[in-house]
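Visitor:
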Amino acid sequence: MKIAVGPLPVTLVENIWIPLSDGTRLAAKIWLPEGAASNPVPAIIDYIPYRKRDGTVVRDEIMFRYFASHGYASIRIDIRGTGDSDGLFEDEYVKQEQDDAVEAIEWITRQPWCSGNVGMIGISWGGFSALQVAARRPKGLMAIVTVCSTDDRYEDDGHHMGGCLLNGTLDWGTTCFTSMALPPDPEIVGGEHWRSTWMKRLENVRPTLIDWVTHQRRDDFWKHGSVCEDYGAIDCAVFAVGGWADSYSNVVFRLISNLKSPRKGLIGPWGHEYPHTGVPGPAIGFLQECLRWWDHWLKGEDTGIMKEPMLRSWMLDSAEPSAHYDERPGHWVADPSWPSPHVSPRMYHMGLGRLSRQALPEARLEISSPETVGMASGEFCPYALLGAHGPEMPLDQRWDDGGSLVFDSELLTEATPILGAPVVELEISCDKPTAMLAVRLSDVRPSGEVTRVTYRLLNLAHRNGHEDLQQMEAGKSYHIRLAMNEVGYIFPPGHRIRLSLSTAYWPIAFPAPERATLTLQADASRLHLPIRMPRPSDDELPAFDAAEGCPPMATTVLRPGNVERFVRMDILPRQVTLTVKRDDGSLRLDPIGTVVGLKNHMIYSIAENDPTTARTEVYYRNEVGRGAWETAVEGRTVMTVTKSTFHLQIAFNAFENGELIFERSWARTIPRDLV
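Residue 675 is where the sequence shown ends in the UniProt record's numbering, and the numbering goes up by one at each step.
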């Protein structure tokens, strides 16, 4: 990333209190451009719980000083009960959080340095916040930029997929309730107040993942905060951004399809990262694109951004399977709307091991996968941890294809580019009340290596929706339609297209209660690919600028980080264990002297012939301190299963200067509801 600063000097206000009507104060950091007091400027807000003082400060300096130097008051706010803010944290995306944001925006618009026009930007939680607050229509909120977020908290937020319970619920759930319990900074809140505030937080600690596991259907718990419940509630301009390597790519297409307000979409090769620092690359000049967006909607300048196509997408070239990519070669294409008039469906018939454009002979096939299928899946949500050292991407799919039904096309004679969601239509029967269906689309290279292109999961009891479930009747045939995750990919000549079906995908998702056998009437089943052929206008697209931003905060590495991912097989019980160790190391934030450290691990184990042996353990430790002030929190979650229950064991500890000062544990047995 190139270092670049705008024309205006910037003043940093390390902390300012935003008062709320109930007496609570939200802590905010503001980057103010010179002259804002006499010449008010628009405000850009990032509203998240990740500690403005010592959590997101490195990336914040890159982005928000950049925006400020171009004439925007840039504001990072800690939500209630997190970072340096008052109050107590409840759960992600609660109504109180959104109420507070509406009040905070109203306060910001009244400040003498604010012109009255406001934008929101954020990645992940911040992207959720932007969408959810936009649906409340606060006065002054003119535009948002939502990155790696979702409009559907049940179906597309790392908790469930197609009614299957994701292991991400335990990973993120442990991280969430543990990290939110860190104390405020004494230098911000003062004296002994930090300790009393911290003790209140500790007494309030509750692992909200218990609720996430309990709510197994798409009920009111998940509908709250899901803007897909009413797209019409959003009337401000929306710039939706995602990456193919991220788990939140689908929302870009849904938002630009369903919103009626002005909107644009951008999707590149990146993981769960902003595009100006995105891995896999290439990164782009995303902050410059944001400035064009802000200048148009918050300053009323004609930057030309709304005259450009609604959607820009990176078409991935074929690549050999790898646990990490520095870059994914490809090229940009543009579409005027979504669904795009440039995309047309292409149907493939299914037969005995084959995909064909012509009808194939009758074939009735059975599959009951080993529960270990999925070990080559990679991380559910790649973060590009530690750059080139993060083994997060899917491996060679031959490992998982050995336990799957596999259907291959003939050798391709021409490039086959797809953009959108591949769809399968399957005629299936099942010998159990429910089962998992895992569907993968892959690229078979001439060498025999197999690269996963996209996938999706479905709990067959959820085949007609996620609210009123319907068991499968043994021996009865059902028509199943499943759209995979959206993707842009080019299958080259000389390769084959592969469709793989399995009844397991561990450790991405917990298995069904019982091993099931699916019977597929292959000749009555179909694969539909969204073909997006090249267009001359694609070559005429202006290139994005090179990535740039302000210098990050100066830091000193005290302990280097490391990421490991390894598999062990215990031969006699046929038990496979995947261990992921993430150590972000220890870092000193030099200007403020604060030292932060983070490490965690996940251990996933299962026997290939018994779904009730599934076990997940997550450990997370977060440290923050400075001089004589040293604090740490750690959480551990273990979940095991029976045919009828999930069993959770959760522990939490807090430390001050190396001494254990607080501990609490929980044990819950939760009935399984056809999951």
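Glycine included, C-beta positions come from ideal geometry on N, C-alpha and C.
Hey, could you find the ends of the beta strand (DSSP E) residue 495 is sitting in?
Guide: From DSSP, residue 495 is part of no beta strand (DSSP E); its letter is neither H nor E.
Visitor: Measure the CB-CB distance between residue 323 and residue 391 and report whether it falls below 8 Å.
Guide: The answer is yes: Cβ separation under 8 Å.
Visitor: The beta strand (DSSP E) spanning residue 606 covers which residue range?
Guide: 594-607 is the extent of the beta strand (DSSP E) around residue 606.
Visitor: For residue 142, name the three-state secondary structure that DSSP assigns.
Guide: Note: residue 142 maps to strand in three-state DSSP.
Visitor: For the candidate residues 70, 343 and 202, whose alpha-carbon lies nearest to that of residue 631?
Guide: When only C-alpha atoms are compared, the closest one is 202.
Visitor: DSSP three-state label for residue 276, please.
Guide: Looking at residue 276 - three-state DSSP - the assignment turns out to be helix.
Visitor: What is the DSSP secondary structure of residue 408, reduced to helix, strand or coil?
Guide: Of the three classes helix, strand and coil, the one that applies to residue 408 here is strand, per DSSP.
Visitor: When you compare each of 427, 79 and 124 to residue 105 by their alpha carbons, which one comes out closest?
Guide: Nearest option by C-alpha distance: 79.
Visitor: Do residue 409 and residue 355 have their C-beta atoms closer together than 8 Å?
Guide: Against a cut-off of 8 Å, the Cβ pair of residue 355 and residue 409 comes out as a contact.
Visitor: Closer than 8 Å is the cut-off here; do at least three beta carbon pairs connect the stretch 145-152 with the stretch 245-263?
Guide: Touching, yes.
Visitor: Within 10 angstroms of the Cβ of residue 558, are there 16 or more other Cβ atoms? Answer buried if so, exposed if not.
Guide: Exposed.
Visitor: Per DSSP, residue 356 is paired with what?
Guide: For residue 356, which the question treats as bridged, DSSP gives the partners 349.
Visitor: Identify, in the order they occur along the chain, each residue of the same chain with its Cβ nearer than 8 Å to the Cβ of residue 271, setting aside the five sequence neighbours on each side.
Guide: Result list for residue 271: 243, 245, 246, 278, 279, 280, 381, 382, 383, 384 and 392, in chain order.
Visitor: Within the same chain, show all residues whose beta-carbon is closer than 6 Å to that of residue 5, passing over the 5 residues directly before and after it, in chain order.
Guide: Cβ within range, chain order: 69 and 550.
Visitor: According to the neighbour-count rule (16 or more other Cβ atoms, all chains shown, within 10 Å of its Cβ), is residue 336 buried or exposed?
Guide: So residue 336 ends up on the exposed side.
Visitor: Counting along the chain, where does the beta strand (DSSP E) carrying residue 613 start and finish?
Guide: Start and end: 610-626.
Visitor: Whose CA, out of 212, 555, 157 and 528, lies closest to the CA of residue 678?
Guide: Shown here, the chain extends from 1 to 675; a query on residue 678 therefore has no answer.
Visitor: Counting only the same chain and skipping the five closest in sequence on each side, list residues whose C-beta sits under 6 Å from that of residue 561.
Guide: Taken in chain order, the residues that qualify are 386, 583, 584 and 585.
Visitor: Does DSSP put residue 188 in a helix, a strand or coil?
Guide: Residue 188 falls in the helix class under three-state DSSP.
Visitor: Please classify residue 315 as buried or exposed, where buried requires at least 16 other C-beta atoms within 10 Å of its C-beta.
Guide: Result: buried.
Visitor: For a quick check, are the C-beta atoms of residue 654 and residue 624 less than 8 Å apart?
Guide: It is not a contact, given that the beta carbons lie outside the stated cut-off.
Visitor: Touching or not, the stretch 468-486 and the stretch 426-441, by the rule of three or more beta carbon pairs under 8 Å?
Guide: They touch, by the three-pair rule.
Visitor: Would DSSP call residue 510 helix, strand or coil?
Guide: Note: residue 510 maps to coil in three-state DSSP.
Visitor: Contact between the stretch 659-672 and the stretch 633-649: three or more CB pairs below 8 Å?
Guide: Enough Cβ pairs lie closer than 8 Å, so yes.
Visitor: Nearest-angstrom Cα distance between residue 371 and residue 216?
Guide: Cα-Cα distance, rounded: 21 Å.
Visitor: With burial defined as no fewer than 16 other Cβ atoms inside 10 Å of the residue's Cβ, what is the status of residue 193: buried or exposed?
Guide: Under this definition residue 193 is an exposed residue.
Visitor: Between which two residues does the beta strand (DSSP E) carrying residue 649 extend?
Guide: That run of the beta strand (DSSP E) goes 645-656.
Visitor: For the alpha helix (DSSP H) that residue 126 lies in, which residues bound it at each end?
Guide: From DSSP, the alpha helix (DSSP H) with residue 126 extends over 125-134.
Visitor: Could you check where the beta strand (DSSP E) with residue 521 kicks off and where it finishes?
Guide: Element bounds for residue 521: 518-521.
Visitor: Going along the chain, which unbroken runs of the beta strand (DSSP E) with 3 or more residues stay wholly within the stretch 252-313?
Guide: If we require 3 residues or more, the beta strand (DSSP E) runs fully inside the stretch 252-313 come out as 263-268.
Visitor: Does the stretch 108-116 come close enough to the stretch 215-234 that 3 or more CB-CB pairs lie under 8 Å?
Guide: No, the stretch 215-234 is not in contact with the stretch 108-116.
Visitor: Sort out for me which residues DSSP pairs residue 419 with in a bridge.
Guide: Answer is 488.
Visitor: Hey, would you say residue 1 sits closer than 8 Å to residue 224, going by beta carbons?
Guide: The answer is no: Cβ separation not under 8 Å.
Visitor: Enumerate, from N- to C-terminal direction, the unbroken alpha helix (DSSP H) stretches of 4 or more residues contained entirely within the stretch 23-111.
Guide: List check, alpha helix (DSSP H) in window: 57-69 and 95-109.
Visitor: Taking only the alpha-carbon atoms, compute the straight-line gap between residue 233 and residue 21 and give it to the nearest angstrom.
Guide: So the alpha carbons of these two residues sit roughly 24 Å apart.
Visitor: Which word fits residue 188, buried or exposed, when buried means at least 16 other C-beta atoms lie within 10 angstroms of its C-beta?
Guide: The residue is buried, with at least 16 neighbouring Cβ atoms inside 10 Å.
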